[in-house]
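Engineer:
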Amino acid sequence: MKKRSVSKSAEKKPLPKILRNKWYLYITEFFAGMSVMAVELGASRLLAPYFSSSQIVWTIIIGTIMIAMALGNIYGGRSADKNPDPDKLYGRILIASVWIAAVPFIGKLAIAGIAGLLVVTINTNFLIWAAFLTCMVVFVYPLFLLGTVTPSLVKYTVDSLDDSGKTVGTLGAANTIGSIIGTFVPTFISIPAVGTAVTFLIFAGIMLVIGLIYFISSKQGAVKTGIAAALFIVCCFTSPIMGFAFWEKGLAYEGESIYNYLQVKDYPDRTELSTNVLFGVQSVYMKSGELTCMYYDYAMAAPLMTASPDDADMLILGMGTGTYAKQCSTYFDNITAEGVEIDNKITDLAHTYFDLPDNIKVTTYDGRAFLGGCDKKYDIIMVDAYQDITIPFQMSSKEFFTLVKEHLTENGVMVVNMNMRSESADGINDWLSDTIASVFGNVYTADVYNSTNRELFASDNGDMTKLLEQNTASLKNEDLRDLMTNVNSSLVKYSAGNRILTDDKAPVELLGMKVIDDIIQEELVYYKEAFAEKGIKGLLE
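Residue numbers (this note's numbering): 11 to 551.
#1: Grouping DSSP H, G and I as helix and E and B as strand, with all else coil, what is F467?
#2: To the nearest angstrom, how far is the alpha carbon of V372 from that of Y388?
#3: What residues are listed by DSSP as bridge partners for T281?
#4: Distance, Cα to Cα, M310 vs G192?
#5: Taking only the alpha-carbon atoms, compute the straight-line gap between G451 and K503 and give it to the nearest angstrom.
#6: Residue ranges of each alpha helix (DSSP H) run of no fewer than 4 residues wholly in the segment 122-199, ordered along the chain?
#7: Find out if the Cβ-Cβ distance for the pair A312, T331 is shorter than 7 Å.
#8: Can you find the residues in the same chain that come closer than 7 Å, C-beta to C-beta, to Y34, ignoring five residues on each side of it along the sequence?
#9: Pick out the complete alpha helix (DSSP H) segments inside the segment 197-261, 4 residues or longer, and give them in chain order.
#10: If F40 and I190 are in contact, beta carbons under 8 Å, what's the gap, nearest whole angstrom?
#11: Which residue spans inside the segment 340-378 form an unbroken beta strand (DSSP E) run of at least 3?
#12: Looking at chain C, is there any beta carbon in it that lies within less than 7 Å of the beta carbon of L501?
#13: Below 8 Å on the Cβ atoms is my guess for Y271 versus T285; work out the distance and round it to an integer in Å.
#14: Is the beta carbon of A90 less than 7 Å from the beta carbon of K165?
#15: So which of G472, D492, D436, I370 has the shortest CA-CA distance to K524?
#16: Whole angstroms is fine: what's the gap from M424's alpha carbon to Y454's?
#17: Considering only the beta carbon of each residue, do P152 and I110 sit closer than 7 Å?
#18: At the level of alpha carbons, what is the spacing between A120 and A395?
#19: Taking DSSP's pairing of strands, which residues face M428 in a bridge?
#20: Determine whether the beta carbon atoms of S293 and T333 lie at a separation below 7 Å.
#21: Relative to the C-alpha of R280, which residue among E266, V350, N185, M296 is closest?
#22: Looking at C-alpha atoms only, which residue of I446, G422, Q397 is the closest neighbour of E409?
#23: Go ahead and label K336 buried or exposed: buried means 16 or more other beta carbons lie within 10 angstroms of its beta carbon, across all protein chains shown.
#24: Can you tell me whether DSSP reads S54 as helix, strand or coil?
#25: Identify whether S17 lies in helix, strand or coil by the three-state DSSP scheme.
#26: Please name the residue in A112, N481, L222, L490 whose C-alpha comes closest to that of T302.
Spelled out as structure tokens, the structure:
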């Protein structure tokens, strides 16, 4: 019989000394698992200021990363069988580390480029397509490379079938433990402390060191290690300097918290807070103390729907920078306002940039959890809680609004800011309104002029609109009286339907995304016309 010849490329190369006791292989697996999870969490923070951090965006991130890892597993296994050379594995780790270090820079440019391309090429699902293509372009390749780590390490660690189970199990445990740490450290330590860009650099640096130690100990790969180290150093200088809104100049503040991207713009007449680069303003402070011409003004109808507006007790769920609390305190003499805000960083910014008085109490907590542990009843409860641009599902359900009602005094009023007005017969506002109408006896809505906001007022008091009319007539401030007269005339009594959101079924993100898509389509008409007329120059202008 003829002996089958074995090619040199298929022969198992003797392992370098650093890998012979397997400990370095386990370390590699540990930090690879850690870095994958850190990149996944970093990806959500990179995309959130542009596309939101909704469950839909998270699904896109997780799905594309799983695709990358699966393809990496397949390639890594085949590559290890064909040419079991650890130089190739650690070379891929060097490439992945440099790519990850560059993500905060190239990722933002990619988002801008992809968004510009989609403006002129698609008509629906803009955010979904933009988030998906960004993930494919920016994150698939480096995570594909890290996906090759596990099958390659199995090839180097398994000596015989006698201990293969133990060895593979130890590798799996190392990967899992690393993944656990890579989940908690970015969320609770690195992103709040140093931001998303530096978080990418930290974990990229760890993988770079893993590769450098291997090649240095093996006394080879001087060129590739030198290039990788040099590129990483370049990324250390370039990645952190590019802000999320890198085209904006003169921002008063740009930073991140555990929950949000935060941007403060300071103008001569007002200060604005945005938690999303693309979708408007979340809080505004008028330096003159006048009305904002935003939904906060319309919401001041709520105190006027009570028997004693000047002596009312008010709770605001989703305090933000305190615009609504300050306005009510300004226009109603003895009103008592307090708020709940989950993001302590926003509260800090409220005191620093938005002149939030120290006597307005703010509790750092989730709004629903606060109500669950609170016995106090209020005359007015304002619900204005948003996660980026979407409504948290737990604050949109029948159970939640029932809890709000239980914390209202007799004939108390709830006002809800609905941020995404839609003319769709089956839009998110109709679902919310139906849900609220299943809890409260009287529901009225008013569309905010020149805005996508709609204010909803709910109470069991059948005289709420009469009180509004009476109290408006006695207002001393002429501007507020005129505005409240307009609000009263624009109120529409809501006829309840049967679209009920519950804790078990509240598809607010899908409903919200449909509305956002409609809003974007209206905006895209302008950009498409500019592109048709002037090409790329029109888009840039």
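The beta-carbon is built from N, C-alpha and C at its ideal position, and this holds for glycine as well.
Structural biologist: If we stick to the structure as given:
#1: As a position in the sequence shown, residue 467 is number 457, starting the count at 1. Three-state result, F467: strand.
#2: Reading the sequence shown from its first residue, position 362 is the one you call residue 372. Reading the sequence shown from its first residue, position 378 is the one you call residue 388. Answer to the nearest angstrom: the Cα atoms are 15 Å apart.
#3: In the sequence shown, counting from the first residue as 1, residue 281 sits at position 271. In DSSP, T281 forms a bridge with D276, Y295.
#4: Counted from its first residue, the sequence shown places residue 310 at position 300. Counted from its first residue, the sequence shown places residue 192 at position 182. Those two C-alpha atoms are separated by around 45 Å.
#5: Sequence index remark: in the sequence shown, residue 451 carries index 441 (1-based). Sequence index remark: in the sequence shown, residue 503 carries index 493 (1-based). The straight-line gap from Cα to Cα measures roughly 11 Å.
#6: Listed in chain order, the alpha helix (DSSP H) runs fully inside the segment 122-199 are 136-148, 150-157, 159-167, 174-195, counting runs of at least 4 residues.
#7: As a position in the sequence shown, residue 312 is number 302, starting the count at 1. As a position in the sequence shown, residue 331 is number 321, starting the count at 1. Cβ distance not < 7 Å, so A312 and T331 don't count as in contact.
#8: Taking the first residue of the sequence shown as position 1, residue 34 is located at position 24. Only I28 meet the Cβ criterion.
#9: The qualifying runs are 201-204, 206-228, 232-248.
#10: Working through the sequence shown from its first residue, we reach residue 40 at position 30. Working through the sequence shown from its first residue, we reach residue 190 at position 180. Contact annotation, F40 with I190: C-beta distance approximately 10 Å; criterion of less than 8 Å not satisfied.
#11: Runs found: 346-350, 371-373.
#12: Of the protein chains in this structure there is only one, and it is not chain C.
#13: Walking along the sequence shown from the start, residue 271 turns up at place 261. Walking along the sequence shown from the start, residue 285 turns up at place 275. Right, the Cβ-Cβ distance comes to about 6 Å (below 8 Å), so this counts as a contact.
#14: Position 80 of the sequence shown holds residue 90. Position 155 of the sequence shown holds residue 165. Yes, Cβ-Cβ distance for A90 and K165 is below 7 Å.
#15: As a first step, residue 524 is located in the sequence shown; it is residue number 514 there, counting from the start. Cα-wise, what sits closest to K524 is D436.
#16: If you number the sequence shown from 1, residue 424 lands on position 414. If you number the sequence shown from 1, residue 454 lands on position 444. When the Cα atoms are used, M424 and Y454 turn out to be separated by approximately 11 Å.
#17: As a first step, residue 152 is located in the sequence shown; it is residue number 142 there, counting from the start. As a first step, residue 110 is located in the sequence shown; it is residue number 100 there, counting from the start. Against a cut-off of 7 Å, the Cβ pair of I110 and P152 comes out as a contact.
#18: As a position in the sequence shown, residue 120 is number 110, starting the count at 1. As a position in the sequence shown, residue 395 is number 385, starting the count at 1. Cα atoms of A120 and A395: separation of roughly 31 Å, rounded to the nearest angstrom.
#19: On the sequence shown, residue 428 is found 418 positions in, with the first residue counted as 1. Answer by DSSP bridge pairing, in chain order: R464.
#20: The count along the sequence shown starts at 1 and reaches residue 293 at position 283. The count along the sequence shown starts at 1 and reaches residue 333 at position 323. Yes, these two residues count as a Cβ contact at 7 Å.
#21: For the purposes of this step, residue 280 is taken as residue 270 along the sequence shown, with counting starting at 1. Checking every option, the nearest Cα to that of R280 belongs to M296.
#22: Position 399 of the sequence shown, counted from the first residue, corresponds to residue 409. Nearest C-alpha to E409: I446.
#23: For the purposes of this step, residue 336 is taken as the residue at position 326 of the sequence shown. A buried status is given to K336, since no fewer than 16 other beta-carbon atoms sit within 10 Å of its beta-carbon.
#24: Mapped onto the sequence shown, residue 54 falls at position 44. Helix at S54.
#25: Within the sequence shown, residue 17 is the residue found at index 7, counting from 1. Per-residue confidence for S17 stands at a pLDDT of 44, beneath the threshold of 50, marking its modelled position as unreliable; the derived number appears in the next sentence. In this structure, S17 counts as coil in the three-state DSSP scheme.
#26: As a working mapping, residue 302 is identified with position 292 in the sequence shown. For the residues A112, N481, L222, L490, the minimum Cα distance to T302 belongs to L490.
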